[in-house]
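Structure record follows, encoded as structure tokens.
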Amino acid sequence: MVYDVFDSNEVLEGKLMAGSTGFDLVVPSASFLERQLAAGVFQPLDKSKLPNWKNLDPEVLKLVAKHDPENKYAMPYLWATTGIGYNVDKVKAALGKDAPLDSWDLVLKPENLEKLKSCGVSFLDAPEEIFATVLNYLGKDPNSMKADDYTGPATDLLLKLRPNIRYFHSSQYINDLANAISASRSAGRATYGRPQTGPKRRKMASTSPTLFRKRGRWRSLTSLRCRQMLRIKMKPISSLTI
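Read left to right, the sequence shown gives residues 1 to 242 (full-length UniProt numbering).
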């Protein structure tokens, strides 16, 4: 197996839209599926070759069908959760012993983020993750289709937070967490695969951290992207999904 990793959906989408990627499977987020389907980069799934289709959660399939009617091109593959990574001792040193460690107040309350600024705070370079988190924090629908929800309260809060955010990136924090105080991030899934050889060798692209090889077997680092999907390709790419 050839396993390529991208730290954002935008990077992967750019390669897909350019064509001739050579990927058999790609793993972007569900929110990017509609636009990619409209561009014709995927082939329909051959469900006769997917005997475990019957075991998929029908409720999750319904969610995918909002982007891919009839689940023709994509199927649920992975799920994860966006959260916060931080150094407990350093956060308490900056905010006091009553620091809201179990709340998004930690990084979404402007006065808290200002106190953490000197230590270095990073946010994901992923608008769909950040806006959904902020909307939910403000008591609004994280999947809102109302433009005013984004251009109003959510943008207002992000503009207040922006001066205290050191950088936006979706993978750099993996190394920085050892030294920095906090970073908004996604986490929650682990992926396993085995290398193939010969004519059936496949190429896969994912917006999650890399698989590594240990004693002849492929293992994975914990994935750090959310709501992702697997897809299958022949000429235009085809798909599995979430």
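Glycine residues also receive a C-beta, built at the ideal position from the N, C-alpha and C atoms.
Q: Following the continuous alpha helix (DSSP H) through Leu33, name the residue where it begins and the one where it ends.
A: Position 33 of the sequence shown, counting from 1, holds the residue named residue 33. Note, Leu33: alpha helix (DSSP H), 33–38.
(Q) Does Thr21 come out as helix, strand or coil in the three-state DSSP assignment? (A) Taking the sequence shown and counting its residues from 1, one reaches residue 21 at position 21. Correct three-state label for Thr21: coil.
Q) Does the distance from the CB of Tyr173 to the CB of Gly40 come in under 8 Å? A) Within the sequence shown, the letter at position 173 stands for residue 173. Within the sequence shown, the letter at position 40 stands for residue 40. Their beta carbons are not under 8 Å apart, which means Tyr173 does not touch Gly40 by this criterion.
Q. Going straight from the alpha carbon of Val96 to that of Leu108, what length do you get?
A. The count along the sequence shown starts at 1 and reaches residue 96 at position 96. The count along the sequence shown starts at 1 and reaches residue 108 at position 108. The residue asked about is misnamed: residue 96 is Gly in this sequence, not Val. Rounded to whole angstroms, Gly96 to Leu108 spans 17 Å at the Cα level.
Q: Give the DSSP-derived three-state secondary structure of Tyr77 in the structure shown.
A: Indexing the sequence shown from 1 puts residue 77 at position 77. It is coil, neither helix nor strand.
Q) Nearest to Leu161 by alpha carbon, out of Lys146, Gly120, Val5, Asp57? A) For the purposes of this step, residue 161 is taken as residue 161 along the sequence shown, with counting starting at 1. Comparing C-alpha distances from Leu161 to each of Lys146, Gly120, Val5, Asp57 shows the shortest one belongs to Gly120.
Q | Whole-angstrom distance between Lys72 and Ser171, CA atom to CA atom | A | For the purposes of this step, residue 171 is identified with residue 171 of the sequence shown, where counting begins at 1. For the purposes of this step, residue 72 is identified with residue 72 of the sequence shown, where counting begins at 1. Lys72 has its alpha-carbon roughly 31 Å from the corresponding atom of Ser171.
Q: Go through the stretch 115–181 residue by residue and report every complete run of the beta strand (DSSP E) that reaches 3 residues or more, in order.
A: Scanning the stretch 115–181 from its first residue to its last, the whole beta strand (DSSP E) runs of 3-plus residues come out as 121–123.
Q: Return helix, strand or coil for Gly85, following the three-state DSSP convention.
A: Looking up residue 85 in the sequence shown gives position 85. Here Gly85 sits in strand by DSSP.
(Q) By alpha-carbon positions, which one of Lys115, Leu25, Glu128 ends up nearest to Ala93? (A) Residue mapping note: residue 93 aligns to position 93 of the sequence shown, counting from 1. That would be Lys115, whose Cα lies nearest to the Cα of Ala93.
Q: Spatial neighbours of Pro100 within its chain, please: CB distance less than 6 Å, with the 5 preceding and 5 following residues excluded, ordered by chain position.
A: To locate residue 100, count along the sequence shown from 1; it is residue 100. For Pro100, same chain residues with a beta-carbon under 6 Å away, outside a window of 5 residues either side, are Leu106 in chain order.
Q) On the premise that Asp68 lies in contact with Leu33, defined as a C-beta separation below 8 Å, what is that separation, rounded to the nearest angstrom? A) Numbered from its first residue, the sequence shown carries residue 33 at position 33. Numbered from its first residue, the sequence shown carries residue 68 at position 68. Contact holds; Cβ gap of about 6 Å.
Q. Closest by CA to Ser122, which one among Lys66, Ser29, Ala38, Gly83?
A. Numbered from its first residue, the sequence shown carries residue 122 at position 122. It is Gly83.
**Q.** At least 3 beta-carbon pairs within less than 8 Å: the stretch 44–59 vs the stretch 2–16
**A.** The answer is no - the stretch 2–16 does not touch the stretch 44–59, with fewer than three Cβ pairs under 8 Å.
Q. Straight-line CA distance for Pro44 to Ala80?
A. Counted from its first residue, the sequence shown places residue 44 at position 44. Counted from its first residue, the sequence shown places residue 80 at position 80. Annotation: Pro44 to Ala80 spans about 25 Å, alpha carbon to alpha carbon.
Q: Have a look at Gln36 and Ala154 and give me their C-alpha separation to the nearest angstrom.
A: Taking the first residue of the sequence shown as 1, we reach residue 36 at position 36. Taking the first residue of the sequence shown as 1, we reach residue 154 at position 154. Using only the alpha carbons, I get a separation of about 27 Å.
(Q) If you reduce the DSSP assignment to three classes, tell me which class Asp105 lands in. (A) The sequence position of residue 105 within the sequence shown is 105, counting from 1. Reduced to three states, the DSSP call for Asp105 is helix.
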